[in-house]
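Structure record follows, encoded as structure tokens.
Numbering (full-length UniProt numbering), first residue to last: 1 to 139.
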């Protein structure tokens, strides 16, 4: 099973993105960096972590800095509404960020990021169902 961890302080974002992905993947959710770190340290490896950057307490950058080196076989995707140039540059410069997606991201963009992450991990089989993945995620 291909496990994905979604990290965001916004319950609506977690629910919407989870709903878009859980028809193919096992999806776990965390409302904070602390909760995400606990889940990542558990028995089931997460192949992809999708995280927001701006969250109360520790932010997504802390998650990347602390967990990126610990989990080199995990792909970290940032899904954030950050628009200021300095933050976007910092996201794009991080050696741990596999992909950066702006909120609101389309279902197609998120599905493509998952497929690309699978391929980068050497998992070439395409889990996408026979129908076309389209639509948008409502936050």
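For each residue, glycine too, the CB sits at the ideal point set by N, CA and C.
All of these numbers come straight from a predicted model, not from anything done at the bench.
Residue i burial status per 10 Å Cβ neighbour count (16 or more: buried)
i, result
"residue 52", "buried"
"residue 29", "buried"
"residue 55", "buried"
"residue 42", "exposed"
"residue 57", "exposed"
"residue 79", "buried"
"residue 12", "exposed"
"residue 23", "exposed"
"residue 120", "exposed"
"residue 74", "buried"
Worksheet item: Whole beta strand (DSSP E) runs in the UniProt domain "Response regulatory" (3-118) with 3 or more residues, listed along the chain?
Response: 3-7, 26-30, 48-51, 75-80 and 97-102
Worksheet entry | Cβ contact (3+ pairs, closer than 8 Å) linking the region 86-98 and the region 5-21 | no
Discussion item. Does the region 105-117 come into contact with the region 82-95, if we say contact requires no fewer than three beta-carbon pairs (one atom in each stretch) closer than 8 Å?
Written reply: no
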